[in-house]
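A.B. asks:
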Amino acid sequence: MFAYIARRLALIPLTLLGIIAINFAIVQIAPGGPVEQVLAQLKETAVEATARISGAAGAETAGAASRRAGSGNDGAYRGAQGLDPEFIADIKRQFGFDKPPLERFLTMVANYLTFDLGESYFRNRGVLELVIDKLPVSISLGVWSTLIIYLISVPLGIAKAVRDGSRFDIVTSAAVIVGYAIPAFLFAILLIVVFAGGRYLDWFPLRGLVADNWSDLGWPARILDYFWHLTLPVTAMVIGGFASLTMLTKNSFLEEINKQYVITARAKGISEHRVLYGHVFRNAMLIVIAGFPATLVSMLFTGSLLIEVIFSLDGLGLLGFEAVINRDYPVMFGTLYIFGLIGLLLNLLSDITYHLVDPRIDFETRET
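Numbering (our numbering), first residue to last: 370 to 737.
Set out below in structure tokens:
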């Protein structure tokens, strides 16, 4: 198993290189880069200033001035029309676009080897500093949501499988259907309306991960304040995410319960508890464990995006989304690098957990 882990760890840099290379190539052909956006903003500012100055002369004069401000042409950027080519070259140099794409890519990869993720184009901060600053929010949402989802879904799925077709199974299926049908952000809005001063009760805070005076509190009060702020966003994510895992657990157990080895074990007089948790559990949980990395990554980075927006939680999901909108390439690739690294490590952790749950699974000696 140790040799397998070593091979997987050795493949992580190559996998990350492939991920970054593909996305870098896509970005090169995507319109509306950071240079073009800056030039377009400068042109818009110049046109507005000209229009204000020309306002006294009438709308017709202002329109002519605007047309003059927009005259000229630069083959590279539409937003560069009417701007000094030397000024445009200086902006390109500031963003690093005066170098060929291959050179920029190789420089970025070399820096990433030492976790030098560069500087944000528009935030005047280092990307690694931004990621570290936003990471507690995403980790808090992702880890607690995933943990609670598993603590609820696995026992519930087992209970539904054991009581398949009973009244309990039917009643709990209604809750599962609701979880399937309604996305997490709608639950978040409902929770705000009911419990965060929206219309009825004002029990929980509406924004932030901790209170403004959190650093002045004692540690017991800090812990309580932390979980007080997390209650509503984590609840929304759990309600929106437990349904799939519950049904996966139930179906996995039902499939194992109906296999021949379970019938044989029962015929030998083995207790039902030992059959379920000594034989069925180990086999049925394999597919559930396999979904753990995907669930955690989803909760960390994608599923929490709208929750972060609704509850004003400034995490990695929101940071990456804003970077894409603003074409902040260092932040885009920096968050992608962190996302990919965490996802690959979690996949390795999933394989290790496979082996711990069922030692018969040995990735090191399996046949290919």
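C-beta: ideal position from N, C-alpha, C; glycine also.
Enumerate, from N- to C-terminal direction, the unbroken alpha helix (DSSP H) stretches of 4 or more residues contained entirely within the stretch 551-581.
C.D. replies: Counting whole runs of 4 or more residues, the stretch 551-581 contains the alpha helix (DSSP H) stretches 553-564.
A.B. asks: Buried or exposed for Leu475, going by 16 or more other Cβ atoms inside 10 Å?
C.D. replies: When all chains shown are included, Leu475 counts as exposed.
A.B. asks: Have a look at Trp588 and Glu498 and give me their C-alpha separation to the nearest angstrom.
C.D. replies: So the alpha carbons of these two residues sit roughly 25 Å apart.
A.B. asks: What are the residues that DSSP puts in a beta bridge with Gly660?
C.D. replies: DSSP output for Gly660 lists no bridge partner at all.
A.B. asks: In the DSSP assignment, what are the bridge partners of Glu472?
C.D. replies: Answer is none; Glu472 lacks a bridge partner.
A.B. asks: Check the C-beta distance from Phe564 over to Phe573 and give it rounded, since I have them as a contact under 8 Å.
C.D. replies: About 5 Å; that satisfies the 8 Å criterion.
A.B. asks: So if DSSP puts Ile495 in a beta bridge, which residue, or which two residues, is it bridged to?
C.D. replies: The amino acid occupying residue 495 in the given sequence is Gly; Ile does not appear at that position. Answer is Glu488, bridged to Gly495.
A.B. asks: For Lys529, which of Thr618, Val500 and Leu578 has the nearest alpha-carbon?
C.D. replies: If we check each option's Cα against that of Lys529, Thr618 comes out closest.
A.B. asks: If contacts are defined as beta-carbon pairs under 8 Å, then Asp683 and Val506 qualify, I think. What distance do you get, rounded to the angstrom?
C.D. replies: Indeed they touch by this definition, with Cβ atoms about 6 Å apart.
A.B. asks: Near Pro662, what residues of its chain come up, given a Cβ to Cβ distance below 6 Å and the 5 sequence neighbours on each side ignored?
C.D. replies: The answer, listed in chain order, is Leu715, Asn716 and Ser719.
A.B. asks: Helix, strand or coil: how does DSSP classify Phe466 here?
C.D. replies: Three-state result, Phe466: coil.
A.B. asks: Taking the alpha carbon of Gly609 as the point to measure from, which residue in Arg532, Val545, Asp571 and Arg376 has its own alpha carbon closest?
C.D. replies: Closest option to Gly609, Cα to Cα, is Val545.
A.B. asks: From Asp647 to Ser542, what does the alpha carbon distance come to, in whole angstroms?
C.D. replies: The question names Asp, but residue 647 in the sequence shown is Gly. Straight-line Cα distance between these residues: approximately 27 Å.
A.B. asks: Applying the criterion that 16 or more other CB atoms from any shown protein chain within 10 Å of the CB defines a buried residue, is Thr633 buried or exposed?
C.D. replies: Exposed, since its Cβ has fewer than 16 Cβ neighbours within 10 Å.
A.B. asks: Note the first and the last residue of the continuous alpha helix (DSSP H) segment covering Thr483.
C.D. replies: Run containing Thr483: none; DSSP gives neither H nor E here.
A.B. asks: Does the Cβ-Cβ distance between Leu575 and Gly566 come in under 8 Å?
C.D. replies: Result yes, Cβ atoms of Leu575 and Gly566 sit closer than 8 Å.
A.B. asks: For the candidate residues Ala612, Val603 and Ala590, whose alpha-carbon lies nearest to that of Ile551?
C.D. replies: Checked all of Ala612, Val603 and Ala590; the closest Cα to Ile551 is Ala612.
A.B. asks: Between which two residues does the alpha helix (DSSP H) containing Pro602 stretch?
C.D. replies: It spans Trp588 to Ile626 - the alpha helix (DSSP H) in which Pro602 sits, taken as one unbroken run.
A.B. asks: As a quick exercise: from Gly511, Met477 and Phe371, pick the residue whose alpha carbon is nearest that of Thr664.
C.D. replies: Nearest of Gly511, Met477 and Phe371 to Thr664, Cα basis: Gly511.
A.B. asks: Tell me whether the stretch 699-708 and the stretch 486-500 touch, counting them as touching only if at least three CB pairs, one residue from each stretch, are closer than 8 Å.
C.D. replies: Because the criterion of three Cβ pairs below 8 Å is met, the stretch 699-708 and the stretch 486-500 touch.
A.B. asks: Is Asp533 helix, strand or coil by DSSP?
C.D. replies: Of the three classes helix, strand and coil, the one that applies to Asp533 here is coil, per DSSP.
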